[in-house]
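Everything below concerns the one structure shown next.
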Amino acid sequence: LNLSYTKIYAPVSGVVAKRSVEVGNRVQPGQQLFLISQLDDLWVTANFKETQLKHIRPGQPVSVEVDAFEQRLKAHVESMPAATGPIMSLLPPENATGNYVKVVQRLPVRIRFDKGQQGLDRLRPGMSVVPKVMLQ
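Residues 13 to 148 (the working numbering) make up the sequence shown, in order.
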């Protein structure tokens, strides 16, 4: 078997974000070789306060300012959360003292970028953005 003719194909398209092996290393079946960032379907998870969600609905337009470059990108609210973080956690917090303190929760709202606009090719996972939802 001549391994110099071996080609490895990724199951998805994207950019190599991390390489776990070097040329000449031996690998095992199922071993992670690379971490690939998919760039063809990007979204933002914006953690809004529950008091801000009153007028936000799926489908609403969003203007997204990207900190890395001075440009606003068009997007839309894709989905709203089903529950808050504490309820979804493995061990939800319980107040054993009987004291009640109201704490405004933050809920993740998924915002998807509209396709076919300039600047999407410059976006990378993990970049900081400021989303502004257009209220109706």
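Heads up, the beta-carbon is just placed ideally off N, CA and C, and yes, glycines get one too. Model, not experiment: these values are computed from the prediction.
Residues near L45 in its chain [Cβ-Cβ closer than 8 Å; skip 5 each side]: I20, R31, S32, V33 and V39
Beta-carbon spacing of E90, R84 below 7 Å: Note that the C-beta distance between E90 and R84 is not below 7 Å.
Would you identify the three-state DSSP class for T63, choosing helix, strand or coil? Annotated three-state conformation of T63 is helix, per DSSP.
Taking C-alpha atoms, which residue in N14, L54 and A29 lies nearest to K127? L54
Under the three-state DSSP convention, the category S91 falls into: strand
For A29 and S49, believed in contact at Cβ under 8 Å, the rounded distance: 4 Å
Pick out whichever of Q130, A95 and S140 has its Cα sitting closest to the Cα of R118. A95
Rounded separation between P143 and S25 - CA only: 27 Å
Compare the Cα-Cα distances from S75 to each of G138, R124, N59 and E62 and report the closest residue. R124
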